[in-house]
Amino acid sequence: MTVERFANEFGFDILCMPAPEKEISGAYIGDLLSWVMGKAEQSNVWLTIMSNINTVAVATLADTSCILLCEGVRADGELLRTASEKGVNILSTELTSFEAAVKIKDAVR
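Residue numbers (the working numbering): -14 to 94.
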């Protein structure tokens, strides 16, 4: 499933989508950036509440398909500009990380 289809199918807000064709395979939940860097797998959806500029660097290093900001967390202009430049997709939801994971579990296996 592509990030664009994923966002539309589950009703997530699209904050930045420079690479809508990226394929999704699996998911990872984590807020400790150094941990995510070593544990998230390529093409994962990364569910987090972290919205600082370093999330883009971690998503790039881990080669995640997108960042899904949970619990209504928003991204500022600097984060969105950097994500767009680096090809990092960012989505948002009001759901908690747990609720979002339950919602997407069958689609990202």
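For glycine and all other residues, C-beta sits at the position ideal for the given N, C-alpha and C.
Nearest-angstrom Cβ-Cβ length linking residue i and residue j, presumed shorter than 8 angstroms
i	j	result
residue 8	residue 50	6 angstroms
residue 60	residue 32	Wrong, their Cβ atoms sit about 14 angstroms apart, outside the cutoff.
Span separating the alpha-carbon of residue i from that of residue j
i	j	result
residue 64	residue 71	11 angstroms
residue -8	residue 39	23 angstroms
residue 55	residue 43	17 angstroms
residue -11	residue 30	12 angstroms
residue 66	residue 18	20 angstroms
residue 82	residue 69	23 angstroms
residue -14	residue 84	20 angstroms
Residue closest to residue i, alpha-carbon to alpha-carbon, out of the options
i	options	result
residue 52	91, -14, 15	15
residue 4	45, 34, 35, 32	45
residue 91	43, 20, 6, 10	10
residue 22	85, 47, 69, 68	47
residue 57	87, 35, 20	35
Beta bridge counterpart(s) of residue i as assigned by DSSP
i	result
residue 70	Answer is none; residue 70 lacks a bridge partner.
residue 51	30
residue 81	Residue 81 pairs with nothing; no bridge assigned.
residue 12	30
residue 76	-1, 53
Sufficient close CB pairs (3 or more, under 8 angstroms) joining the region -10 to 1 to the region 66 to 77:
Yes, since at least three Cβ pairs between the region -10 to 1 and the region 66 to 77 fall closer than 8 angstroms, the two stretches touch.
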